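Below is one structure; the comments refer to it alone.
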Amino acid sequence: MRTYEDTYQHKGLRKRLVDLLKEKGITDEQVLDAINAIPRHYFLDSAFDKIAYEDRAFPIGESQTISQPYTVAYQTQLLQIKRSEKVLEIGTGSIYQTTVLAELGARVFTIERQKKLYDLQKDYYFRNKYPNIKFFFGDGFEGLPTFAPFDKIIITAAAPFIPPKLIQQLKPGGMMVIPVDEGDSQRMLRLTKEADGSITEEAFEQFSFVPMLTGKNR
Ligand code: SAH
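Heads up: the sequence shown begins at 6 in this note's numbering, then just goes up one per residue.
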């Protein structure tokens, strides 16, 4: 069960979360504002209501998790989203990261491979508020060739390698933020596709994600 009520208590807890993210090194004001604007408890079962604003990942079913707010803020900050950019997200999960991208004005194309999680979009509370999100049931390794190329691509599961089809679907000048597997934890990489098609790689902190898996799961 979920409850859609954003009380003063929730708002206060959210403000504290934003302060914590600042302390942890998130500096992009637009990203912080987006997190402050979105009731994260709407994306979780009401059992998590009181702890939804702790900087932690939580289970969302199908052995998957809603990413930790720090991770969401970190990946979003690296992406440097500008309004109306076309963004491909792999791993819709709870739709929370998707909503942060949409709040920043991106046109978001998000793919989920677990049917039960994909189906959450039917009851998505913010459907009218964010018509700039399009949901897809599929395998993120394939991307969305029909809608390519994308300005930005974000992968929210641990990738065993950099999916070549996603590199192809990136615009020249575009960027991909992807946690790449190094055993139990992943290195966050930002790849930039240069005008000549070559890829520049920057490496950032270590994170721990659920695995990016091939194929769909009905
Ligand atoms: N962005 C989500 C994170 C969810 S965890 C959130 O904020 O809640 C990662 C998600 O990636 C899971 O829902 C998992 O099912 C999905 N996933 C894993 N491999 C995938 C693939 N190949 N294609 C699409 N989604 C995938």
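Even glycine gets a Cβ: it sits at the ideal position worked out from N, Cα and C.
What you are looking at is a predicted structure, and each value in this text was computed from that prediction instead of being measured.
In the three-state reduction of the DSSP assignment, residue 191 falls in the strand class.
The criterion of a C-beta distance shorter than 8 Å is satisfied by residue 160 and residue 96. Each of 137, 33, 105 and 99 was checked against the Cα of residue 120, and the nearest Cα belongs to 99. At a cut-off of 7 Å, the beta-carbon of residue 118 counts as near the ligand SAH: some heavy atom of the ligand is closer than that. Excluding residues up to 5 positions away in sequence, 177, 178 and 205 lie with their Cβ nearer than 8 Å to the Cβ of residue 199 in the same chain. Taking 7 Å as the cut-off, one finds at least one heavy atom of the ligand SAH near enough to the beta carbon of residue 96. Where residue 54 is concerned, there is no enclosing alpha helix (DSSP H), because DSSP gives it neither an H nor an E.
A Cβ-Cβ contact shorter than 8 Å links residue 71 with residue 101.
Per DSSP, the unbroken alpha helix (DSSP H) holding residue 36 starts and ends at 34-42.
Residue environment analysis places residue 24 among the exposed positions, since fewer than 16 neighbouring C-beta atoms fall within 10 angstroms of its C-beta. In the structure shown, residue 22 falls within a helical segment according to DSSP collapsed to helix, strand and coil. In the DSSP secondary-structure assignment, residue 169 is not bridged to any residue.
When the Cα atoms are used, residue 197 and residue 13 turn out to be separated by approximately 41 Å. For residue 208, the enclosing beta strand (DSSP E) starts and ends at 204-212.
Distances between the C-beta of residue 174 and the heavy atoms of the ligand SAH are all 7 Å or more.
For the pair residue 182 and residue 26, the CB atoms are not nearer than the 8 Å cut-off.
The bridge partners DSSP lists for residue 94 are 115 and 159.
Using a Cβ-Cβ distance cut-off of 8 Å, the stretch 143-158 and the stretch 75-93 are in contact, since at least three pairs of beta carbons, one from each stretch, lie closer than that value. C-alpha of residue 9 to C-alpha of residue 201: approximately 48 Å in a straight line. Of all C-beta pairs linking the stretch 132-145 to the stretch 101-118, three or more are shorter than 8 Å, placing the two stretches in contact.
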